[in-house]
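These notes concern the structure reproduced below.
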Amino acid sequence: MSSKDKILKAALRVFLEKGYDAASINDVVKESGFTKGGIYHYFENKDKLFIETINYLFDEFEKWENEIFSEIMDIKKVLELYFGLIAEVTNFVKEVAETNKLDEFNFYFLMLTAFHKFPELRNKHNSEHKKNLDGFIQIIKNSQKQKLIQENIDAETFAFMVNALGEGTMLYHLVNEQINLKEMGKKLFETVWTSIKI
735 MSSKDKILKA ALRVFLEKGY DAASINDVVK ESGFTKGGIY HYFENKDKLF
785 IETINYLFDE FEKWENEIFS EIMDIKKVLE LYFGLIAEVT NFVKEVAETN
835 KLDEFNFYFL MLTAFHKFPE LRNKHNSEHK KNLDGFIQII KNSQKQKLIQ
885 ENIDAETFAF MVNALGEGTM LYHLVNEQIN LKEMGKKLFE TVWTSIKI
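For the sequence shown, the numbering used here begins at 735 and goes up steadily by one.
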């Protein structure tokens with residue numbers, strides 16, 4: 735792993751624990767073991783470090799998703815995998831940050847902070863999100879042509895609904911930790927699939 739990646743992972747741990755506003759370059763120095771000069775060699779200030787840290791996380795997410803959805807699969811498998819992933823997001827972030835400690839609320843708050851303070855991060859996320867959604871819409875339309883699912887379903891609306899169900903469930907879990915995301919993911923998949931299959 736490169737020195738830059740080590741710093742980014744350390745910065746991610748710091749930002750996840752303290753948030754953007756409370757975190758400092760000194761915190762990253764302490765967490766990473768690099769000198770302040772070593773960090774400034776790669777990142778000219780905290781803003782640049784934060785932006786690159788979030789971009790690093792986005793890039794890792796993209797690799798993860800591409801790996802999972804690399805095969806050509808039918809819509810049933812895509813839905814099953816998607817709803818199964820809602821229980822794995824937190825574990826994936828822990829893996830990227832190389833930490834066993836992660837407050838889910840801090841993670842989502844960090845994402846909202848990133849989108850609010852840095853429009854370029856919001857735009858990158860939206861662009862990647864649109865690409866994924868467009869791919870899913872195409873799978874839905876192909877599945878309708880193959881008569882695997884009902885033809886009267888609006889593909890764009892259905893894709894939006896599936897995405898909202900997944901993200902909404904993860905957010906709702908923040909205020910109600912009694913929800914078992916793995917079990918709920920299975921139930922959502924079964925309910926959605928039953929409603930569209932022929």
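The C-beta atom is built at its ideal place from N, Cα and C for all residues, glycine as well.
Tell me the rounded alpha-carbon separation between residue i and residue j.
i    : j    : result
K875 : E924 : 20 Å
E854 : A744 : 22 Å
Y774 : V762 : 11 Å
V827 : E911 : 18 Å
Y842 : E778 : 26 Å
I930 : T891 : 13 Å
D808 : G919 : 18 Å
L882 : D888 : 15 Å
E765 : Q884 : 53 Å
K916 : Y906 : 14 Å
Y790 : L846 : 16 Å
L836 : N760 : 21 Å
S737 : G767 : 11 Å
Using the Cβ count rule (16 or more neighbours within 10 Å means buried), how would you classify residue i?
i    : result
I873 : buried
A756 : exposed
L742 : buried
Q880 : exposed
L726 : Outside the shown range of the chain (735 to 932) lies residue 726, about which nothing can therefore be said.
Y754 : buried
F839 : exposed
V909 : exposed
I932 : exposed
S804 : exposed
I820 : buried
M735 : exposed
S877 : buried
Note the first and the last residue of the continuous alpha helix (DSSP H) segment covering residue i.
i    : result
S758 : Taken as a continuous stretch (DSSP letters only), S758 belongs to no alpha helix (DSSP H), as it is neither H nor E.
T891 : 889-909
F923 : 915-930
E822 : It is not in any alpha helix (DSSP H) - E822 carries neither H nor E in the DSSP assignment.
T833 : No alpha helix (DSSP H) contains T833, which DSSP labels as neither H nor E.
D868 : 853-879
G771 : 770-776
F792 : 780-802
Under 8 Å Cβ to Cβ from residue i, same chain only, skipping five residues before and after it: list those, please.
i    : result
V926 : L813, F817, V896, L899
F852 : D781, F784, I785, I788
F849 : L855, R856, H859
S758 : K780
T903 : I820, I913, L915, M918, G919, L922
I871 : A889, E890, A893
Counting only the same chain and skipping the five closest in sequence on each side, list residues whose C-beta sits under 7 Å from that of residue i.
i    : result
K810 : W927
If I measure Cβ to Cβ from residue i and keep anything under 6 Å in the same chain, skipping five residues before and after, which residues do I get?
i    : result
T833 : R747
Tell me the DSSP bridge mates of residue i?
i    : result
I883 : K931
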